[in-house]
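Trainee: One structure, pasted below without further comment.
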């Protein structure tokens, strides 16, 4: 059975879509994309750290910084 026609429905304003969430990454991402970027930067930071900074600062410091950066990217990116 069909619903009755409502002429007032034609003039009704369309509902606005909810605003899209934007982060600091310059591309549109979902959670998987942000996890991938976080892992990619984790590996890059580890390699950079081992090449230039490991002689003076332990690698554990890099682990903590890289995990914090990955969490920030997934949460806010």
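Numbering (the working numbering), first residue to last: -11 to 65.
We treat Cβ as the ideally placed atom computed from N, Cα and C, and that holds for glycine.
Here the structure is a predicted model, which is why all the values come from computation and not from measurement.
Count the other C-beta atoms from every protein chain shown that fall within 10 angstroms of the C-beta of residue 32, then say buried if there are 16 or more, exposed otherwise.
Mentor: exposed
Trainee: Closest to residue 58 by CA distance: which of 28, 11, 4 is it?
Mentor: 28
Trainee: Could you tell me the distance, in whole angstroms, from the CA atom of residue 15 to the CA atom of residue 44?
Mentor: 36 Å
Trainee: Let me know if residue 52 comes out buried or exposed under the rule of 16 or more other beta-carbons within 10 Å of its beta-carbon.
Mentor: exposed
Trainee: Give the DSSP-derived three-state secondary structure of residue 15 in the structure shown.
Mentor: DSSP places residue 15 in coil when its eight states are reduced to three.
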